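Encoded as structure tokens, the structure appears first; notes follow it.
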Amino acid sequence: MNRIEILVPDLPESVLDATVASWHKKQGDYVKRDEVLVEIETDKVILEVSAIDSGILESIIEKEGATVSSKQLLGRIYLTDAIQKSVKKEKLIASKEKITSSSLELHNLSMKKDNHDSSLTPAVRRLIAEHNLNPSDVIKEGSENGILRRNNIEEYVNKKESLTSINIKDKSSMVDQFSFDKREKRVEMTRLRKRIAERLLDAKHNTATLTTFNEVNMKAVSDLRKTYGDHFEKKYGVRLGFMSFYVKAVIKALKDYPEVNASIDGSDIVYHNYFDISIAVATERGLVTPVLRDADTLSMADIEKNIKELAIQGRDGKLTIEKLQGGNFTITNGGVFGSLMSTPIINPPQSAILGIHAIKDRPMAVDGKVEILPMMYLALSYDHRLIDGRESVGFLMIIKNILEDPNRLLLEI
Numbered sequence: 230m231n232r233i234e235i236l237v238p239d240l241p242e243s244v245l246d247a248t249v250a251s252w253h254k255k256q257g258d259y260v261k262r263d264e265v266l267v268e269i270e271t272d273k274v275i276l277e278v279s280a281i282d283s284g285i286l287e288s289i290i291e292k293e294g295a296t297v298s299s300k301q302l303l304g305r306i307y308l309t310d311a312i313q314k315s316v317k318k319e320k321l322i323a324s325k326e327k328i329t330s331s332s333l334e335l336h337n338l339s340m341k342k343d344n345h346d347s348s349l350t351p352a353v354r355r356l357i358a359e360h361n362l363n364p365s366d367v368i369k370e371g372s373e374n375g376i377l378r379r380n381n382i383e384e385y386v387n388k389k390e391s392l393t394s395i396n397i398k399d400k401s402s403m404v405d406q407f408s409f410d411k412r413e414k415r416v417e418m419t420r421l422r423k424r425i426a427e428r429l430l431d432a433k434h435n436t437a438t439l440t441t442f443n444e445v446n447m448k449a450v451s452d453l454r455k456t457y458g459d460h461f462e463k464k465y466g467v468r469l470g471f472m473s474f475y476v477k478a479v480i481k482a483l484k485d486y487p488e489v490n491a492s493i494d495g496s497d498i499v500y501h502n503y504f505d506i507s508i509a510v511a512t513e514r515g516l517v518t519p520v521l522r523d524a525d526t527l528s529m530a531d532i533e534k535n536i537k538e539l540a541i542q543g544r545d546g547k548l549t550i551e552k553l554q555g556g557n558f559t560i561t562n563g564g565v566f567g568s569l570m571s572t573p574i575i576n577p578p579q580s581a582i583l584g585i586h587a588i589k590d591r592p593m594a595v596d597g598k599v600e601i602l603p604m605m606y607l608a609l610s611y612d613h614r615l616i617d618g619r620e621s622v623g624f625l626m627i628i629k630n631i632l633e634d635p636n637r638l639l640l641e642i
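Residues in the sequence shown are numbered from 230 upward in steps of one, following the working numbering.
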């Protein structure tokens with residue numbers, strides 16, 4: 230067969246349809262095998278559809294913004310092998326036409342020069358010089374037997390000035406219209422953004438959300454990073470960040486307060502005996518929450534490596550459905566954008582989310598003296614139907630104590 234079909238890939242069971250996000254090629258473009266042709270956006274991830282063979286993108290059936298389902302036809306590729314002969318033939322024809330065209334141009338130039346240049350009257354030459362005209366342009370516009378006369382020049386100049394006036398008016402109108410239109414820009418929400426909006430509204434309407442705060446002295450963790458950061462990076466090939474400390478502290482708190490690691494299913498409470506931690510990652514298409522599976526079994530180096538990989542995949546739109554599904558508890562770090570305090574929204578069906586923020590130097594009273602210390606606010610938003618104030622405050626206190634004294638991680642206290 231000379232053509233192959235471009236089809237929507239198999240969508241996950243939980244995803245009924247998708248949207249054609251963007252075509253990377255235009256109709257008629259040459260495409261190579263394995264080259265990305267089009268991106269398909271689902272509620273959770275972006276799927277890339279690549280060419281399975283080289284050829285010409287013959288047709289685009291579903292354009293950007295179209296809603297599609299699994300295995301639906303997106304377009305067709307005309308295979309390279311089938312067009313090689315026709316390409317050679319076209320090149321041969323084009324070559325012949327080029328030679329013929331060049332010959333005709335030379336002939337016409339010669340004829341014009343012979344029949345025209347020497348026959349220009351002084352009046353015609355003066356008008357041509359005044360208006361900076363090319364005689365051949367005037368001849369093309371209209372003359373008698375290729376001979377230029379005064380009336381030919383005058384008609385050409387009047388027509389040119391008339392067209393210029395019209396163009397100026399059109400451009401002025403276009404500028405005014407553009408100036409008006411650019412004050413607003415209406416763009417349809419992406420499928421991912423719509424889904425995020427739906428989930429956030431569901432969380433607000435279907436949970437009894439309450440947020441409690443605490444503050445943490447981050448000096449101990451900051452000093453530890455300064456002391457061992459270089460050794461850590463040399464050994465493991467990844468920087469020692471703050472997130473590994475946050476994750477370790479959260480896991481300890483979840484073990485001590487299993488209600489925070491649980492979820493509500495109808496009239497039942499589901500307690501999870503595993504620790505899958507969702508990490509909020511900001512991307513150009515919106516906020517996503519990939520999951521660190523069995524985070525309690527990971528070392529700090531593994532946590533840092535996995536978070537870095539998830540962040541890169543999120544930025545490049547490479548996260549898979551599997552990496553976004555599940556999760557018992559979410560950590561979101563608004564501090565990377567400079568946020569000092571926030572009230573994060575729960576990520577259903579989870580029951581709680583921890584917001585961490587920017588670390589800022591603050592004057593604090595220590596043993597009766599004022600010291601400047603790196604302080605950070607913690608914010609725990611939780612579903613009050615399942616988690617009471619005692620559990621929420623105790624949960625935050627464990628995180629606070631571990632971050633202020635990381636040695637607790639070694640002693641598991």
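In this text, a Cβ means the ideal position worked out from N, Cα and C, and glycines have one as well. Model, not experiment: these values are computed from the prediction.
Between the Cα of residue i and those of the options, spot the shortest distance and give me the residue it belongs to.
i      : options                        : result
Ile508 : Gln579, Lys484, Tyr606, Arg468 : Gln579
Ser288 : Arg232, Glu268, Thr271, Asp263 : Arg232
Gln256 : Glu291, Asn387, Ile269         : Glu291
Leu521 : Gly564, Phe566, Ser473, Thr512 : Ser473
Tyr457 : Asp525, Met529, Val499         : Met529
Gly584 : Leu625, Arg412, Leu609         : Leu609
Ile532 : Ser492, Glu513, Tyr465, Leu607 : Tyr465
Asp431 : Gln554, Pro577, Asn363, Glu417 : Pro577
Val565 : Val510, Ile382, Val237         : Val510
Lys423 : Thr441, Asn446, Asp497, Val517 : Val517
Leu525 : Tyr475, Asp545, Thr512         : Correcting the residue identity first, residue 525 is Asp in this sequence and not Leu. Of the candidates Tyr475, Asp545, Thr512, the one whose C-alpha sits nearest the C-alpha of Asp525 is Tyr475.
Ile560 : Leu625, Asp617, Asn363, Asp497 : Leu625
Leu632 : Ile541, Arg454, Met447         : Met447
Val267 : Arg305, Pro238, His253         : His253
Asp523 : Tyr385, Val479, Ile541         : Val479
Val274 : Arg544, Glu384, Ile601         : Arg544
Ile575 : Ala250, Thr440, Glu551, Pro592 : Thr440
Ile582 : Gly470, Ser492, Glu293         : Ser492
Pro487 : Val499, Thr549, Ala358         : Val499
Asp612 : Val416, Asn363, Lys433, Arg415 : Lys433
State the CB to CB distance for the pair residue i and residue j, rounded to an integer number of angstroms; the pair is presumed to be in contact (CB under 8 angstroms).
i      : j      : result
Met605 : Ile588 : 5 angstroms
Ser590 : Pro603 : Position check: residue 590 holds Asp in this sequence, whereas Ser was assumed. Indeed, because the Cβ distance is near 6 angstroms, the residues count as touching under 8 angstroms.
Ala437 : Arg614 : 5 angstroms
Ile281 : Tyr307 : The pair is not a contact, with the Cβ atoms about 13 angstroms apart (cut-off 8 angstroms).
Leu638 : Lys477 : 6 angstroms
Asn557 : Asn490 : 5 angstroms
Pro635 : Val450 : 6 angstroms
Arg468 : Glu462 : 5 angstroms
Ser279 : Val265 : 5 angstroms
Asp272 : Leu429 : About 14 angstroms separates the two Cβ atoms, so there is no contact after all.
Arg514 : Gly470 : Contact flag wrong, Cβ pair sits at about 24 angstroms.
What residues are listed by DSSP as bridge partners for residue i?
i      : result
Ser365 : Paired residues: none, contrary to the question.
Thr419 : Paired residues: none, contrary to the question.
Ser288 : Arg305
Gly584 : Thr561, Ala608
Asp590 : Pro603
Lys534 : In DSSP, Lys534 forms no bridge with anything.
Glu277 : Glu268
Leu439 : Tyr611
Lys261 : Its beta-bridge partners do not exist; DSSP assigns none.
Glu641 : According to DSSP, which records beta bridges pairwise, Glu641 is partnered with nothing at all.
Glu384 : None; Glu384 has no bridge partner.
Asn636 : For Asn636, which the question treats as bridged, DSSP gives no partner whatsoever.
Glu444 : Tyr606
Thr296 : Thr248
Val595 : Lys598
Is residue i close to the ligand GDP? I mean its beta-carbon at under 7 angstroms from any heavy atom of the ligand.
i      : result
Leu453 : The model on display carries no ligand, and the ligand GDP is accordingly not part of it.
- [ ] Would you check if the stretch 499–506 and the stretch 472–489 touch, i.e. whether three or more CB-CB distances between them fall below 8 angstroms?
- [x] yes
TODO: Counting only runs of 3+ residues fully inside the stretch 230–254, write out the beta strand (DSSP E) ranges in chain order.
DONE: Runs found: 232–236, 247–252.
Task: Runs of alpha helix (DSSP H) lying entirely within the stretch 471–532, each at least 4 residues, in chain order - done: Listed in chain order, the complete alpha helix (DSSP H) runs (minimum 4 residues) inside the stretch 471–532 are 472–485.
Task: Three-pair Cβ contact test at 8 angstroms for the stretch 297–308 versus the stretch 245–254 - done: yes
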